[in-house]
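A.B. asks:
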Amino acid sequence: IERTFSILKPDATERNLTGAINAVIEEAGLRIVAQRRIRMTDAQAKTFYEVHAERPFYGELVSFMTSGPVVVQVLEGENAVAKYREVMGATNPAQAAEGTIRKRFAKSVGENSVHGSDSPENAKIEIAQFFTDSDIVG
Ligand code: GTP
Ligand code: MG
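Per full-length UniProt numbering, the very first residue in the sequence shown carries number 69; after that it's consecutive.
Right under this line is the structure:
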């Protein structure tokens, strides 16, 4: 069984979409095995998005992710990483498939409601940035 790391971003919490997005996650067969609502610090956001440090939108991304509460989660299921990426939809909501979280809820390519790990290796690294083993109840 695989785990992935998820963030419900500030544009989602601001519109009270935590429950609606969690329903989509659970209906897809993914189990929410850890969840916490936090205000991400500047240092946490910078470290989390370090791979994008050279991209032109890095500053905007870090300030967006620290602009309001986020919900960090660990999701568990068969092929959880790929399955959640499918449920999320494309980064740009204009290109996201019907029924995906980003098609339904995202505001723009930047304010796109959710994050999901892009590989099982990165999922482990990202989960460890926000949760310890005892926080996760499978
Ligand atoms: P994540 O699951 O959030 O990592 O999304 P992703 O893997 O679909 O996209 P990627 O890793 O390429 O980019 C990370 C995040 O940076 C995206 O989810 C967006 O929030 C943001 N981002 C990506 N491209 C742009 C852009 O062109 N402009 C802005 N403002 N933000 C962007
Ligand atoms: Mg990504």
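Quick reminder that beta carbons are idealized off the backbone N, C-alpha and C, glycines included.
Small disclaimer: the values here were computed from a predicted structure and weren't measured.
1) Where residue 269 and Gln-163 are concerned, what is the direct C-alpha to C-alpha distance, given to the nearest angstrom?
2) Just to confirm the assignment: which complete beta strand (DSSP E) runs, minimum length 3, are found wholly within the stretch 104–192?
3) Can you pull the DSSP bridge partners for Ser-202?
4) Comparing C-alpha positions only, which one of Gly-167, Ser-181 and Glu-144 sits nearest to Leu-129?
5) With the cut-off set at 8 Å, would you say Phe-173 and Ile-89 are in Cβ contact?
6) According to DSSP, is Ile-69 helix, strand or coil?
C.D. replies: On the basis of the supplied data:
1) A question about residue 269 goes unanswered here, because the residues of the chain that appear run from 69 up to 206.
2) 138–145 and 182–184
3) As a first step, residue 202 must be located in the sequence shown, where it is residue number 134. Beta-bridge pairing links Ser-202 to no other residue.
4) Counting from 1 along the sequence shown, the entry for residue 129 is found at position 61. Closest by alpha carbon: Ser-181.
5) As a first step, residue 173 must be located in the sequence shown, where it is residue number 105. As a first step, residue 89 must be located in the sequence shown, where it is residue number 21. Taking 8 Å as the Cβ cut-off, Phe-173 and Ile-89 qualify as a contacting pair.
6) Position 1 of the sequence shown, counted from the first residue, corresponds to residue 69. If DSSP states are grouped into helix, strand and coil, Ile-69 belongs with coil.
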